[in-house]
Amino acid sequence: MNKQQSLITKDGVSYLLPFILVTFCFALWGFANDITNPMVKAFSKIFRMSVTDGTLVQVAFYGGYFCMAFPAAIFIRKHSYKAGVMMGLGLYAAGALLFFPAKAVGIYGCFLVAYFIMTCGLSFLETSCNPYILTMGPEETATRRLNMAQCFNPCGSIIGMFVAMNFIQAKLNPMSSDERALLNDTEFEALKNADLSVLISPYLIIGLIIVAMLIIIRLVKMPRIGDANHDVHVLVTLKRIFSLRYYTEGVIAQFFYVGAQIMCWTFIIQYGTRVFMAEGMDEQSAEVLSQQFNIYAMMFFICSRFIATFLMKYVKPAMLLAVFGILAMVFTSGVIFFQDRLGLYCLVCVSGCMSLMFPTIYGIALDGLGDDAKFGAAGLIMAILGGSILPPLQAMIIDQGTVFNGFPATNASFVLPLFCFLVVTIYGYRTHVIKGM
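Residues 48 to 484 (our numbering) make up the sequence shown, in order.
Following this line, the structure appears as structure tokens:
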């Protein structure tokens, strides 16, 4: 009991209620991330686009993270972590509710705008919540505390995947991509409107839930930890934190990790669909079953994160990061070279290896930054841009169909996540050797 209290008690003050409320926000943005990943395939079918065009969803989604991270940091520095959380929830709700007018217009670009606004809110949330959690207890348990809070992020992700599978993918018209391509303009518009009505419903519901959460956070008294300094000296602060090699390398490692995560969780649908259709399934059944495997991957991710949080009591975080990175590379090699369900099983195992990477890189990079952590957090959130840049590159490979005289392009495309995990492994090992973390 005392060990548990030491995680969320500082100077005799318990931060249990604030910790719970902020941790719930982790689940909320996990929902947004993982209801969105399958939408690459869904929008591609609904608007009769290529996989590459469909990944514009990810470009808009993670582009919002990139664009709003430093404005969020400046806002938080001038006001407070609580104000940052509330602003994030407000933008999140606005973006989700904009799906209704986007459907009325019926243009793909309108949905991209809604995604961008929604993720501007997520950028505020992550820039606020991650360092806020780090302050809610002793500094020596900060990385463990963040890993504990991040355990609930994939809980929201699983709900997002479940909703995507059962309330979007399974309810879309079962007509295949090839059949949709043969429709005339009138038939296509009717089918598109029907499918978009299915797609937007979960977003409207989550928008209302976010509004309720915003009201709760507004009414609850939240601690003002780390909010004493409201001076904004952006260039001086950035020069100071980027002079720290372990921080700069952490931003780079985070860029490649997020890219790998989004690639593995987005294109498991394409990977599984190829495998299951080769076994004789129709396209929609293969997509739904692939999403089930995505949920299995996320469940493994959650279990592994709790295990990793426990192991950090005995193994240095950076060393554990390097070990998990090596395991991720081994399983990703299996994803590339196996062309049947064994490759899909390896892809599920990759999720288990990714479990500790984001919060551990985050905690290591912000170690000892003090009040500079607000801007340090912004740099690490901007690194989420990796989720916007790298998936379209993988999609371009997938769109080739086959490479190297018949080798499945979907399999070959996972050489990109393999390289990303190599970067993460090197960062973990170097940090362990240099800083002893």
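The beta-carbon is built from N, C-alpha and C at its ideal position, and this holds for glycine as well.
#### Entry: Residue range of the unbroken alpha helix (DSSP H) whose run includes residue 452
Start at 1 with the first residue of the sequence shown, and residue 452 comes out as number 405. It is not in any alpha helix (DSSP H) - residue 452 carries neither H nor E in the DSSP assignment.
### Task
Determine the DSSP secondary structure at residue 49, reduced to helix, strand or coil.
For the purposes of this step, residue 49 is taken as the residue at position 2 of the sequence shown. Bear in mind that a pLDDT of 44 at residue 49, under 50, signals an unreliable position, so the model cannot answer this.
### Query
Which one of 265, 398, 311 and 318 has the shortest CA to CA distance from residue 127?
Residue 127 sits at position 80 when you count from the first residue of the sequence shown. The residue with the shortest Cα to Cα distance from residue 127 is 265.
### Message
By the three-class DSSP mapping on this structure, what secondary structure does residue 57 have?
### Response
As a first step, residue 57 is located in the sequence shown; it is residue number 10 there, counting from the start. Residue 57 falls in the strand class under three-state DSSP.
### Message
Can you look up residue 101 in the DSSP assignment and give me helix, strand or coil?
### Response
Residue mapping note: residue 101 aligns to position 54 of the sequence shown, counting from 1. Note: residue 101 maps to helix in three-state DSSP.
#### Entry: Given 8 angstroms, three or more beta-carbon pairs between the segment 185-199 and the segment 345-357
yes
### Task
Identify, in the order they occur along the chain, each residue of the same chain with its Cβ nearer than 8 angstroms to the Cβ of residue 462, setting aside the five sequence neighbours on each side.
Here residue 462 refers to the residue found at position 415 of the sequence shown. So the list reads 383, once near-sequence residues are dropped.
### Message
Since residue 394 and residue 344 should fall inside the 8 angstroms C-beta cutoff, what is the C-beta to C-beta distance between them, to a whole number of angstroms?
### Response
Counting from 1 along the sequence shown, the entry for residue 394 is found at position 347. Counting from 1 along the sequence shown, the entry for residue 344 is found at position 297. The Cβ separation is near 7 angstroms, so the contact holds.
### Message
For residue 375, tell me which candidate among 398, 69, 331 and 92 has the shortest Cα-Cα distance.
### Response
On the sequence shown, position 328 is the one that residue 375 refers to. When only C-alpha atoms are compared, the closest one is 398.
### Task
Take residue 129 and list the residues in its own chain whose beta-carbon comes closer than 6 angstroms to its own, dropping the five residues that flank it on each side.
To locate residue 129, count along the sequence shown from 1; it is residue 82. Closer than 6 angstroms at Cβ, skipping near neighbours: 269.
### Task
Rank 79, 98, 78 and 77 by C-alpha distance to the C-alpha of residue 538 and give the top, closest one.
Given that the chain is displayed from residue 48 to residue 484, the structure contains no residue 538 and the question cannot be resolved.
### Message
List, from N- to C-terminal side, the alpha helix (DSSP H) runs of 4 residues or more that fit wholly inside the segment 86-172.
### Response
86-93, 98-101, 103-125, 128-144 and 146-152
### Message
Quick check: what's the CA-CA separation for residue 243 versus residue 435?
### Response
Residue numbering aside, residue 243 sits at position 196 when the sequence shown is read from its first letter. Residue numbering aside, residue 435 sits at position 388 when the sequence shown is read from its first letter. If I take the Cα positions, the gap works out to 23 angstroms.
### Proximity of residue 431 and residue 322 at Cβ, strictly below 8 angstroms
Along the sequence shown, one-based indexing puts residue 431 at 384. Along the sequence shown, one-based indexing puts residue 322 at 275. Against a cut-off of 8 angstroms, the Cβ pair of residue 322 and residue 431 comes out as no contact.
### Message
Under DSSP, the alpha helix (DSSP H) around residue 187 begins and ends at which residues?
### Response
Translated into the one-based positions of the sequence shown, residue 187 becomes position 140. Premise fails: residue 187 is in no alpha helix (DSSP H) and is neither H nor E.
### Query
Out of curiosity, what's the CA-to-CA distance linking residue 75 and residue 255?
The sequence position of residue 75 within the sequence shown is 28, counting from 1. The sequence position of residue 255 within the sequence shown is 208, counting from 1. About 12 angstroms.
### Task
State the Cα-Cα distance for the pair residue 414 and residue 158, rounded to the nearest angstrom.
As a working note, residue 414 is residue 367 in the sequence shown. As a working note, residue 158 is residue 111 in the sequence shown. Cα-Cα distance, rounded: 38 angstroms.
### Three-state secondary structure (DSSP) of residue 230
The sequence position of residue 230 within the sequence shown is 183, counting from 1. Of the three classes helix, strand and coil, the one that applies to residue 230 here is coil, per DSSP.
### Task
Report buried or exposed for residue 290, applying the criterion of at least 16 other Cβ atoms within 10 angstroms of its Cβ.
Mapped onto the sequence shown, residue 290 falls at position 243. Result: exposed.
### Whole-number beta carbon distance between residue 62 and residue 296, since they are thought to touch under 8 angstroms
What you label residue 296 is simply residue 249 of the sequence shown in a count that begins at 1. What you label residue 62 is simply residue 15 of the sequence shown in a count that begins at 1. About 30 angstroms separates the two Cβ atoms, so there is no contact after all.
### Query
So, are the CB atoms of residue 251 and residue 146 less than 8 angstroms apart?
As a first step, residue 251 must be located in the sequence shown, where it is residue number 204. As a first step, residue 146 must be located in the sequence shown, where it is residue number 99. The answer is yes: Cβ separation under 8 angstroms.
### Message
Quick check on this structure: which residue in 308, 93 and 213 has the alpha carbon closest to the alpha carbon of residue 228?
### Response
Mapped onto the sequence shown, residue 228 falls at position 181. Checked all of 308, 93 and 213; the closest Cα to residue 228 is 93.
### Task
Could you say which of 425, 218 and 412 lies nearest to residue 293 if we only look at CA atoms?
As a first step, residue 293 is located in the sequence shown; it is residue number 246 there, counting from the start. The option with the nearest alpha carbon to residue 293 is 412.
### Query
Near residue 164, which residues of its chain fall below 8 angstroms by C-beta distance, leaving aside the five closest residues on each side in sequence?
Counted from its first residue, the sequence shown places residue 164 at position 117. Within the same chain, residue 164 has close Cβ partners 111, 138, 141, 142 and 145.
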